[in-house]
Each structure stands twice: as C-alpha cells, then as structure tokens.
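Here the structure comes first, spelled out in structure tokens, and everything after it is commentary.
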Amino acid sequence: MAWGRIVVALAGAGVAALAGSLLLLSGEQGSQAARSPLRTPSPADPLTDEEIDRVGEIASATLRARMTNGRVELLYIERGDDKAAGERRRADAYIYDYAANRFIVRTVDLAEGRVVAEREGRGTQPPPSRLEEERAAELLLADRVHGGRIRAAYARTAGRPLRSASDLGLRALIYTPRPASRGAEACSDHRCVRLLVRLPDGTWPDTTRTVVDLSAKKILTLTGR
Amino acid sequence: MRLSALLPSLLSCALIVTCGASASASAPARAGTVLPTGTVRPSGALSPGGAVREAARRAPACGAPYLVERELPNGARWRLCWEMRVIEGLTLTGVAYTPPRGRPIPVLRSTALAQIHVPYDSGEPRFHDIGALGENAVTLASADCPGGERRERFVCVTTRSRGHGYLKSLPGEPNLSALGHELVVYAAFQIGWYTYLVEWAFSDDGAITPRVGATGSLAGFATGPEYGWSTGTGDTHVEQSHTHNIFWRLDFDVDGPKHDVVEQYDFPGSGTARRTLSRTVFTEEAKAVNAPARWWRVVDTESRNADGHPISWEIGDSGSAQYRGPADEAFTRADLYVTQYRACERLASNNPAPRCAGSVDRYVSGQRLTDPVVWVNVSYHHVARDEDADPMPTHWQGFRITPRDAMAENPR
Chain A
30 MAWGRIVVAL
40 AGAGVAALAG
50 SLLLLSGEQG
60 SQAARSPLRT
70 PSPADPLTDE
80 EIDRVGEIAS
90 ATLRARMTNG
100 RVELLYIERG
110 DDKAAGERRR
120 ADAYIYDYAA
130 NRFIVRTVDL
140 AEGRVVAERE
150 GRGTQPPPSR
160 LEEERAAELL
170 LADRVHGGRI
180 RAAYARTAGR
190 PLRSASDLGL
200 RALIYTPRPA
210 SRGAEACSDH
220 RCVRLLVRLP
230 DGTWPDTTRT
240 VVDLSAKKIL
250 TLTGR
Chain B
543 MRLSALLPSL
553 LSCALIVTCG
563 ASASASAPAR
573 AGTVLPTGTV
583 RPSGALSPGG
593 AVREAARRAP
603 ACGAPYLVER
613 ELPNGARWRL
623 CWEMRVIEGL
633 TLTGVAYTPP
643 RGRPIPVLRS
653 TALAQIHVPY
663 DSGEPRFHDI
673 GALGENAVTL
683 ASADCPGGER
693 RERFVCVTTR
703 SRGHGYLKSL
713 PGEPNLSALG
723 HELVVYAAFQ
733 IGWYTYLVEW
743 AFSDDGAITP
753 RVGATGSLAG
763 FATGPEYGWS
773 TGTGDTHVEQ
783 SHTHNIFWRL
793 DFDVDGPKHD
803 VVEQYDFPGS
813 GTARRTLSRT
823 VFTEEAKAVN
833 APARWWRVVD
843 TESRNADGHP
853 ISWEIGDSGS
863 AQYRGPADEA
873 FTRADLYVTQ
883 YRACERLASN
893 NPAPRCAGSV
903 DRYVSGQRLT
913 DPVVWVNVSY
923 HHVARDEDAD
933 PMPTHWQGFR
943 ITPRDAMAEN
953 PR
C-alpha cells in the first residue's frame, strides 16, 4: 500500500472556504439519526444537519473543481470520536478521488471552522455511499449480459419490465480480491463493489460472481476461488 | 499438570509471544504479573476519589433523544448515549451503571459492532457486511418495539423481564425471590437478505449482554450436499451453510478512563481432582483464544468496592463456533483481542481508515497497554433447516459482560 502523508491544518481550507462552496452531496449522506432540528448539540450527540452541511462545505472547499467533474466524491460524514480531541465537535469527511484511486479522510473542527487533519492512501476502501450504490446498479443494468439477467428476473417476478434501478432493493458491499480470485484483479487498486439485488418477490438472484468496478465503470465476472 | 506445561497449549502463539504467558503461577511473567487470587496490592487509594465520582455524576455528554437513562424495578440505573453512525450503525457511549443505593460506576466509553464477516462453506462468497450500517437501519414500527419507546425511528429502548434474579427457600418463611429486569437498546439493519438485530441488554444486576440476531431470509445459494443442507422439496435445493463472525469493539472505562488492565483467567487441572486459578495480566497488546472455563476481565487497578476488592467487568460466555479462516483472514484467528486505543482502529476487518492497519490482528503490534480496547469475536455456523423458510427465525450470537466485585454484595 502506498500511503500519503498526513497534512495538518490544510492551508486554504479555513473559514473563508465557507463562501460559495456547495458542491456537496450533503443530501445524500450522513447518518439517518442525524436528521434533527436546529439546536446546540451536546458533545456526544450525533452531528446535526447544519453541522453535516458545514463539514461538507469546509472539507470540500479545496476540491471543488475536481468534484464538479466527478473525479472526487464526498461519500459521507461521520462524527469524530477521537479521545485526543476531548469534547470538541469534530467530524470526519470521507472522500474518494476516482482519478487517483485515493481515499481521503479530512477531519474538520467545527468550532475552528477548518480542516485540522488529513489522511489519505490507496488500497483501503471505505464502505460505498448511497450514490455509489445507485451508480453501481445503473452500471450493472446497462451491461447486456448481467443487466439482461436482472431485467429478465425482474420481469418474471414483477410481471412488468424494470423501469430503473430504483425498482430494485439494493445493497452494495466493497469487493476486495482474495489471493485465489480471478477476474477482478483490478479491484486491488480500484473501487469495486458486489451488488446484492432484491426482486419484488423478496428473492435475491445470485450476483455474487459479479463485481462492479466503479473506478473503471466496468462489470467484472469472478472466476476461481 | 503443571501450569507452565499447560498454558502454552491454552494460549494462542501470539499471546505467548506478546504476553509471556508461559510463566509459572508462582513467578512473575516476563511482561505480565501472575498473582494468587484475592491478593490485593497495597494501595493508598481505596476508592476512585472525587474526580471520577464527579465525572460519573456530572451532566451526561448527550441530550434528548440520544440520552438513555432508566431506573429498573430494583432501583438499579443505567445511563448511556446512543448514536447511529454511518459505518458502525448503532453505537453506545458513556455507559454507566448505578447499583441500588450505590454510586454511578462508568463501564464503557463506547461500544459498537466492528464487523459481520460471513464466509460461505464452499469458500465463496465471503462478505464483510459492514458496510455503511447506519444507512441501512430499518424503520421500527411500534410493534417492533414492544413496551418501549422508539428514538428517531431506528432505535428501540425498552425494559423486559430476565427471569428470576434470585430464588432462595427459607425454612418456615416465604421464599426470598425476585424477578430481574433489563434495559434493552436495539436497532435492526437490512444487509441484503439478512436483517440483523443489534442489541445490548443492560441488566439490573450490572451485567451487559451484547448480541446480534440474524433474521430476514436465507440467501438461497444452491450448493452441493457437502456444503449445505436440503431445504427444498426432496433434494431440489441444497442451501449453502455459512458462518457469521461478529466482532464487537469495546472501549472500557471501568470506574473512569484510567487504570484499566485486562486479565485472563484459566483454571488448569483438567483430568485431576484439583483446579488452580491462574491469572495472566496483559501488559502488551494481545490475541487470545477461547478455552474451557477461560474468561477475561477489565479491572480498574485503583478503585475498590466496599470489600476492598478491585472493581472489574468480566467477559465470557460467548459460545462461539470459533471459525478460523485462511491466511488472508487472520483477523478470524482469535476470539479476543486487546489493543492500545487508537482512534483510527474502528473495524475488525476492512478498516476504513487511511494510514491505519486494516484489521484487528494487525492492531496487535506489541505496544504497551495503558488504555486497552477489547475486541470480541463470536462465530455462529448456520446450517440451514426447513424451519428457516421465510421469514427466517432469528438466530442469536453474543456474549456476556458481568460485574466482578463492582459491588460488595448482590445489588438487589
């Protein structure tokens, strides 16, 4: 694994970055429990909606150009829980850079209004976001063979053609190749998921040999053990 | 059998290496201390002192609706905060127990699931079900949280009976008996065909039972008879067997954030009339495996109960199937890990943190323990049966965390 270096107190990611930065997919992420009204949170409370939005803006301030062209994506924001921070409100923004296949975590101090730490590396994959899950489903459905199989199974159980990925129950899990696996070697470096798909009758077609390479926007088929 | 001869076979290799556990019962181990039971080290502080007590009494670190504060019928109280984290899902923090007529005793700084690893018996597939667990919480209906209150749709906080707390016959008098109760906090998560019930029960006697119930549906993966069990009509479908290896991360703060030490207890003497007690103190990061009658405890070396005994919480009773995976899944090869606290070490495998080790077996790196985090791995091997047809009955796996000398007597 080739790790990046820690950058403490990133320049340019301070309060000034708040102005005009709105490229976040903040509506797409955050814990479900965090959907809460405006209030002053206690130290161990989940992040509020307002805090999630602020953290997203601050963490992405220096990434805006790359976020607009889709190469960098904010996955989700998690409350910081590092003992070293004491009771300060902090949050970790999970970011993936598809151009370089880099995973970045930016820690934002809410009181200071700036990024106070950054860690980045390759080869480590955080869980897929909702948006990535949907994109994986779209890629799968667009594939003639694999998508065709899902569409046929859907039509068989629902009695009508599949309209979109939203007709399906979806669950994406990170796929990391094991030593004996064949067919998805690229996933040791790329961001890949296995997609579990629920049909209207509650059954799950076996998609375990299918891997969606989100980095290459390709569908891969596993062979071997 | 001499302890020195028996211990190496009971302890994992890593444990021997990191803890020097092969020392005899009468001599200090290289990196640990083995003392006879009941030995109380001289201490100028028989109680944790004002600072810790004050910390336990002060305002909770969370507000409504994340604060759970409940008094059970015997007068015992539990206090904790909950949070639905994106990755780990339901996470509990600041867990403290107050025995009837007693003072609050902090137990855990935080606890959450650290992985659900599901390898199928034929070798594939192999899933790591965490996952953005928090994004897959199931909205609970009123009926899903009987007698309790739902917090932000996903978390149930309720109280239930746990059967007899005690029952003692007294000649010529009514029996001395009482039903016990427990506070239960749980959430459900939909991970593919499985629904996982993730639950912590906090008993009125100070015990904690973390457990996970798997329900929902079977995967429906067909396989050969050597890897499964016929669940279809006749031999039309053989459902593939699989294992759920569930990991919990537990950051103990027994009676405050400092002075926590993890010990392992063994009772060598199988095949003899006598069993002796052997204590191994983990002074360095360690891996340990289950063994008959073995248990662990997290003890605060500075605080004492009214009997002068160190306050601790014991860990055991997992009933694990003890799955041991291939070399690239070395995190499955121990049942309990003790690691020095590092903020980036959150999951037992697929740890989502750059510049941090990827799995719990790699967190054990010989570091001296001053702030131990305990990781418990409990396996359940699921061989499907006809009764598993939809909806699949819940199968549970978990373990017990029991007070040991937190109180000087039965906290009834």
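First to last, the sequence lines map onto chains A and B. Counting from 30, one number per residue, gives the positions in the first sequence under this note's numbering. Counting from 543, one number per residue, gives the positions in the second sequence under this note's numbering. Using N, Cα and C, we set each Cβ at its ideal position, and we do this for glycine too. Here the structure is a predicted model, which means the values were calculated and not measured.
Neighbour flag for residue i against chain B, beta carbons, 8 angstroms
i, result
"Pro229/A", "no"
"Ile203/A", "yes"
"Gly188/A", "no"
"Arg117/A", "no"
"Glu141/A", "no"
"Val134/A", "yes"
"Asp126/A", "no"
"Thr252/A", "no"
"Leu225/A", "yes"
"Arg83/A", "no"
Boundaries (first-last residue) of the beta strand (DSSP E) holding residue i
i, result
"Asp138/A", "Arg131 to Asp138"
"Asp126/A", "Arg119 to Asp126"
"Thr653/B", "Ile647 to Pro661"
"Ile179/A", "No beta strand (DSSP E) contains Ile179/A, which is instead part of the alpha helix (DSSP H) from Arg173 to Ala187."
"Val880/B", "Leu878 to Gln882"
"Val804/B", "Asp802 to Asp808"
"Val241/A", "Thr239 to Asp242"
Spatial neighbours of residue i in its chain, beta-carbon cut-off 7 angstroms, leaving aside the 5 residues before and after
i, result
"Glu691/B", "Val699"
"Leu614/B", "Thr701, His723, Leu725 and Asp746"
"Met934/B", "Thr757, Gly758, Ser759 and Leu760"
"Pro155/A", "Leu104, Tyr123 and Phe132"
"Trp957/B", "Past the boundaries of the shown model lies residue 957/B; chain B is included only from 543 to 954, so the question cannot be answered."
Cβ shell of residue i (< 8 angstroms), same chain only, five flanking positions each side left out
i, result
"Asn130/A", "Arg151, Asp218, His219, Arg220 and Ser244"
"Val240/A", "Tyr204, Gly212, Ala213, Cys216, Cys221, Val222, Arg223, Ile248, Leu249, Thr250 and Leu251"
"Pro190/A", "Arg180, Tyr183 and Ala184"
"Pro894/B", "Ile629 and Arg888"
"Asp877/B", "Ala830, Val831, Asn832, Ser860, Ser862, Gln864, Val918, Asn919 and Val920"
"Pro234/A", "Arg178, Ile179, Ala182, Val226 and Leu228"
"Glu677/B", "Val628"
Limits of the alpha helix (DSSP H) - the one that residue i falls within
i, result
"Val840/B", "It is not in any alpha helix (DSSP H) - Val840/B instead sits in the beta strand (DSSP E) that spans Trp837 to Arg846."
"Gly714/B", "Premise fails: Gly714/B is in no alpha helix (DSSP H) and is neither H nor E."
"Ile87/A", "Asp78 to Ser89"
Cα-Cα separation between residue i and residue j, rounded to whole angstroms
i, j, result
"Ala830/B", "Leu168/A", "44 angstroms"
"Thr232/A", "Val226/A", "8 angstroms"
"Ser845/B", "Pro852/B", "6 angstroms"
"Leu160/A", "Val144/A", "24 angstroms"
"Glu929/B", "Asp802/B", "45 angstroms"
"Pro667/B", "Ala764/B", "12 angstroms"
"Phe809/B", "Ala815/B", "12 angstroms"
"Gln657/B", "Ser193/A", "31 angstroms"
"Tyr708/B", "Ala618/B", "15 angstroms"
"Leu655/B", "Val637/B", "15 angstroms"
"Thr825/B", "Leu911/B", "5 angstroms"
"Ala948/B", "Asn847/B", "6 angstroms"
"His923/B", "Ala601/B", "43 angstroms"
Chain A contact for residue i (CB, 8 angstroms cutoff)
i, result
"Gly798/B", "no"
"Asp795/B", "no"
"Gly748/B", "no"
"Cys687/B", "no"
"Ile629/B", "yes"
"Tyr883/B", "yes"
"Ser652/B", "yes"
"Asp788/B", "In the sequence as presented, Asp is not what sits at residue 788/B; that position holds Ile. Chain A, which has no Cβ nearer than 8 angstroms to the Cβ of Ile788/B, makes this no."
"Pro896/B", "yes"
"Phe669/B", "yes"
"Gly673/B", "yes"
"Tyr922/B", "no"
Integer Cβ distance of residue i from residue j, believed to fall under 8 angstroms
i, j, result
"Tyr879/B", "Val906/B", "6 angstroms"
"Asn919/B", "Thr874/B", "7 angstroms"
"Ala140/A", "Arg118/A", "6 angstroms"
"Ala165/A", "Ala201/A", "5 angstroms"
"Phe941/B", "Gly811/B", "Incorrect: roughly 24 angstroms between the Cβ atoms, too far for contact."
"Val916/B", "Phe794/B", "6 angstroms"
"Ala88/A", "Arg135/A", "4 angstroms"
"Ala73/A", "Ala603/B", "4 angstroms"
"Pro641/B", "Gly748/B", "6 angstroms"
"Asn616/B", "Ala720/B", "7 angstroms"
Cutoff 8 angstroms: residue i Cβ touching any chain C Cβ
i, result
"Gly150/A", "Included in the structure are the protein chains A and B, with no chain C among them."
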